Amino acid sequence: MNTEQLGLAEIASPHNLRAYAAELIGTMLFVLIGTGAVIATGGGDLVAIALAHGVGIAVMVYATANYSGGHLNPAVTLAMIVTRRIKPVVGVAYIVAQMVGACLATALLYAILFNEVGELTNFGAHGINELALGNGGGFLLELLLTAALVAVIFATAESRRGFGASAPLAIGLTVVIIHLIAVPLTGASVNPARTFGPALISNAFDSFWVYVIGPAAGAVVAAVLYHHVFLPSDDPEEASADLEESEQQTADGVE
49 MNTEQLGLAE IASPHNLRAY AAELIGTMLF VLIGTGAVIA TGGGDLVAIA
99 LAHGVGIAVM VYATANYSGG HLNPAVTLAM IVTRRIKPVV GVAYIVAQMV
149 GACLATALLY AILFNEVGEL TNFGAHGINE LALGNGGGFL LELLLTAALV
199 AVIFATAESR RGFGASAPLA IGLTVVIIHL IAVPLTGASV NPARTFGPAL
249 ISNAFDSFWV YVIGPAAGAV VAAVLYHHVF LPSDDPEEAS ADLEESEQQT
299 ADGVE
């Protein structure tokens with residue numbers, strides 16, 4: 049793989065710099081909304097937490113899609129790297145921006161709130177409900193739910209047969225459902241950046257690998273299945289159009 053394929057040549061292009069800024073700010077605001085809801089409710093209002101994360105991600109995807117594609121999640125970016133919709137080095141820069149954004153969000157909450165308030169929920173850090181499952185179960189749940197999220201993203205936002213402007217709504221509703229299912233079990237990460245920011249501020253790294261490896265594995269599984277199973281069409285003309293679209297996205301990446 050040469051420097052062009054890796055994306056080294058355009059890593060600091062004006063377009064990409066705008067994309068990194070969009071990912072940083074979008075992730076920061078999403079984590080601020082989601083984590084803020086956890087802290088404000090003491091972690092006890094499942095519906096409010098689910099709605100905050102779902103509506104928050106939908107709004108932020110709408111806001112950033114034209115600049116960066118609206119990933120706002122390292123697992124989503126990894127899926128785009130695997131399917132060659134974004135060049136690897138540019139993708140890594142996206143992930144760094146997302147992680148920094150998540151840390152800034154939690155740092156803002158740390159600065160705004162009394163420590164006693166934030167510490168009640170470890171500033172929204174995720175954790176395994178050990179009365180219901182272990183790390184292995186948490187890993188599998190995060191893998192499956194992230195795979196579902198990434199599948200929805202590919203089907204609605206990345207496919208030529210997708211739903212265009214309504215895709216962020218579908219993504220947001222998926223995140224709401226995921227949180228309704230998983231908040232009582234793992235806290236519902238499906239986004240390593242969302243986990244990393246609060247974990248760093250509160251030093252809550254117990255089971256942290258579950259929230260990194262699980263979503264990463266789920267994203268890769270969904271990406272590979274979509275690219276090799278669901279993207280090809282039985283209609284030769286449609287299949288050709290899908291292939292051309294995929295190749296064009298690979299060539300363009302995020303320049």
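Residue 77 in the working numbering sits at position 29 of the sequence shown, and the numbers go up by one each step. Where a beta carbon is used, it is the ideal one built from N, C-alpha and C, also for glycine. Here the structure is a predicted model, which means the values were calculated and not measured.
If you draw a straight line from the Cα of R242 to the Cα of R133, it comes to about 23 Å. With respect to the 8 Å criterion, S237 and E164 are not classified as neighbours on the basis of their beta carbons. Look at the beta carbons and you see the stretch 167 to 182 touching the stretch 248 to 255: at least three pairs across the two are nearer than 8 Å.
In the three-state reduction of the DSSP assignment, S250 falls in the helix class, which pools H, G and I. In terms of Cα proximity to I201, the closest of L120, L94, G90 is L120. By the Cβ test, the stretch 127 to 141 is in contact with the stretch 258 to 273, since at least three Cβ pairs between them sit closer than 8 Å. Looking at Y158, A230, L279, the one whose alpha-carbon comes closest to that of H174 is A230.
Counting C-beta pairs with one atom in each stretch, the stretch 66 to 84 and the stretch 104 to 111 have three or more that are closer than 8 Å, which means they touch. Cβ-Cβ distances below 7 Å link A199 to A270, Y274 in the same chain, with the five nearest sequence neighbours on each side left out; the list follows chain order. Collapsing the DSSP output to three states places N183 in a helix. Here L179 is exposed: its Cβ has fewer than 16 other Cβ atoms, across all protein chains shown, within 10 Å. P216 counts as buried, since no fewer than 16 other beta carbons sit within 10 angstroms of its beta carbon.
Within the stretch 135 to 161, the complete alpha helix (DSSP H) segments at least 4 residues long are 136 to 160, listed from N- to C-terminus.
The stretch 253 to 261 and the stretch 147 to 164 do not touch, with fewer than three beta-carbon pairs separated by less than 8 Å.
Residue burial is scored here from C-beta neighbours: V272 has fewer than 16 other C-beta atoms within 10 angstroms and is therefore classed as exposed.
Across the structure, A203 and I97 are spaced so that their CA atoms are roughly 25 Å apart. Within the stretch 198 to 274, the alpha helix (DSSP H) runs of at least 4 residues that lie entirely inside it are, in chain order, 215 to 230, 240 to 250, 256 to 273. For Y259, the CB contacts under 7 Å within the same chain, skipping 5 residues up- and downstream, are H174, E190, S237, P240, T243 in chain order.
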